[in-house]
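Notes to accompany the following structure.
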Amino acid sequence: MSLAKRYTQCIFNFRKVASSLLANKGKWQLLGADAKERANRWIVSGEQCNISVLYTTATRVEASTDSGQRRFVNTQQKSITSANTTTAKKRKMVAKLSEQERTEKLQPLLDAGWSLVNGRDAIIKEFIFSDFNQAFSFMTGVALLAEKINHHPEWFNCYNKVQVTLSTHDVGGLSSQDIRMATYFDTHAKLFN
Numbered sequence: 039m040s041l042a043k044r045y046t047q048c049i050f051n052f053r054k055v056a057s058s059l060l061a062n063k064g065k066w067q068l069l070g071a072d073a074k075e076r077a078n079r080w081i082v083s084g085e086q087c088n089i090s091v092l093y094t095t096a097t098r099v100e101a102s103t104d105s106g107q108r109r110f111v112n113t114q115q116k117s118i119t120s121a122n123t124t125t126a127k128k129r130k131m132v133a134k135l136s137e138q139e140r141t142e143k144l145q146p147l148l149d150a151g152w153s154l155v156n157g158r159d160a161i162i163k164e165f166i167f168s169d170f171n172q173a174f175s176f177m178t179g180v181a182l183l184a185e186k187i188n189h190h191p192e193w194f195n196c197y198n199k200v201q202v203t204l205s206t207h208d209v210g211g212l213s214s215q216d217i218r219m220a221t222y223f224d225t226h227a228k229l230f231n
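Positions in the sequence shown are counted from 1; adding 38 to them yields the working numbering.
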């Protein structure tokens with residue numbers, strides 16, 4: 039979901055909570071007069087950046103499910119999705135590379151300049167660019183994919199050099215995610231040469 043859509047969704051949810059709070063005016067004595075004033079000011083001019091979220095017992099109960107987990111409203115589909123099911127869909131279990139996969143998938147990377155790390159089931163490569171801006175642009179492009187597939191590299195940047203180490207911590211060694219990231223590193227680096 040884009041940042042603009044997230045922002046729009048947050049504003050929609052804040053207005054919904056604030057409207058609910060204003061509808062329950064009898065409970066304002068518990069929050070104090072200045073809390074009511076802040077909520078009224080926010081409702082009237084929803085374009086202000088300083089947004090205060092006010093929680094009462096009623097809104098906490100409305101915001102949680104029977105199991106006590108927070109729920110998020112997807113405004114586009116008008117459906118409610120549990121936070122646990124959302125993360126479960128994004129996370130895919132990966133397995134450590136088998137010996138056959140290692141020979142098939144790892145050898146092309148080793149031929150392309152990647153090296154095995156001594157004492158650890160990982161691969162490493164250093165990329166050299168013309169200047170810091172290219173190195174940083176390269177890292178930014180890779181970071182977008184890393185965030186998308188939820189697989190983040192270990193890397194070090196010094197001026198025009200980027201040193202990358204890939205390994206999957208969850209499986210204690212190399213996985214298909216590392217092969218995918220290494221291939222993307224090589225493809226993305228060619229854009230800068």
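Ideal placement from N, C-alpha and C gives every residue a C-beta, glycine not left out.
Quick one: residues in its chain with C-beta nearer than 6 Å to the C-beta of A227, no 5 flanking neighbours on either side, listed in chain order? Taking C-beta separations shorter than 6 Å and ignoring five residues to either side along the sequence, the partners of A227 in its chain run F165, following chain order.
Rounded C-beta distance between S205 and K134? I'm assuming under 8 Å. Their Cβ separation, rounded to whole angstroms, is 10 Å, which puts S205 and K134 out of contact at 8 Å.
Hey, which unbroken runs of the alpha helix (DSSP H) at 4 residues or more fall wholly within the segment 194-226? none
Supposed close pair I187, Q215 - CB separation, criterion 8 Å: 7 Å
With respect to the beta strand (DSSP E) encompassing F165, which residues constitute its N-terminal and C-terminal limits? 161-166
May I have a chain-ordered list of the alpha helix (DSSP H) segments no shorter than 4 residues that lie completely inside the segment 133-182? 145-149
Measuring alpha carbon to alpha carbon, tell me which of D224, L229, G211 ends up nearest E137. G211
Which residues in the same chain have their Cβ closer than 6 Å to the Cβ of F194, if we skip the five residues on either side of it in sequence? Q201
Kindly indicate which three-state DSSP category F230 falls into: helix, strand or coil? coil
For R158 and K43, I'd like the C-alpha separation in whole angstroms. K43 has its alpha-carbon roughly 41 Å from the corresponding atom of R158.
State yes or no: is the C-beta of Q172 within less than 7 Å of the C-beta of F230? yes
Tell whether a beta-carbon distance below 7 Å holds between A160 and T203. yes
Run the CB neighbour count on L182, radius 10 Å, all protein chains shown included, and call it buried at 16 or more, exposed below. exposed
If you check the beta carbons only, do Y197 and F170 fall under 7 Å apart? yes
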